[in-house]
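The working numbering applies: residue 6 is where the sequence shown begins, and numbers increase by one.
Please read the structure below before turning to the comments.
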Amino acid sequence: MNKSAFYTVISLSTLLIAYLIFGQNDKTPISEQQIQQLSKTFGDKFAQMRDSQQNTSTTPQPPQQIQNTVNASEDGVSVQAILGIIYKKPTSTWFIKAKDNKNRIEAISVKFKQYFLTELKFDSDQQPDFSHLPEGSKIASTSSMRFATFIIDGVEISVINLPGKQDVFSNVKRWMGQVGLNDKSPISMEFLDDKKTILVKMPK
């Protein structure tokens, strides 16, 4: 109910009550016909407000407006995505992650898999060898936790090494939170090398 209708109801109710109370002391008391007229006016106004409220609550959203809402939420520029690789080694776990908008992640997916999955080798100390990456792609890391940071076609790729055996699924869940996904959001996890290497893509 809007404010105008609310105040109209209050005014009519007050007027009706005033006539019923004070009309008894007037030399010309309110007639039964006047009471019926006030009651009818009050009833008609209430019916109009009820119909107006029903029409407002059931009015569907225009198709164009719905379409615009969908496009805004699924736009490849506004939707954040992650493409990552997890290497489970005997003494530590390596996390290599590219995070950017969905369009840019899809654009570098082939190079990412080539550089960090197909061509990446580990030495005898289980350290990754990044010497095959394009010259100048490695930049200074902004976090002490990072082993290395790279820029491939404008997308930042972080490399983190954590000691011991890590809970892969807990870390994947943490990644999901970074791009606004929840436990029910579809993601892709591809297990390779006897499940020691996991290729992760989110959203799926």
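C-beta: ideal position from N, C-alpha, C; glycine also.
Bounds of the alpha helix (DSSP H) holding Glu111 are 107-118. The C-beta distance from Val205 to Ile110 rounds to 12 angstroms, too long to fall under 8 angstroms, and the pair is not in contact. Less than 7 angstroms divides the Cβ of Lys94 from the Cβ of Gln131. Within the region 164-206, the complete alpha helix (DSSP H) segments of 4 residues or longer fall at 173-183, listed in chain order. Per DSSP, reduced to three states, the secondary structure at Phe100 is strand.
Beta bridge pairing from DSSP links Glu161 with Ile156. Look at Gln131 here: in three-state DSSP terms it is coil, with no helix or strand label. CA-CA distance, Ala145 to Ser129, rounds to 25 angstroms. When C-alpha distances from Gly159 are compared across Lys116, Asn176, Leu122, the shortest belongs to Lys116.
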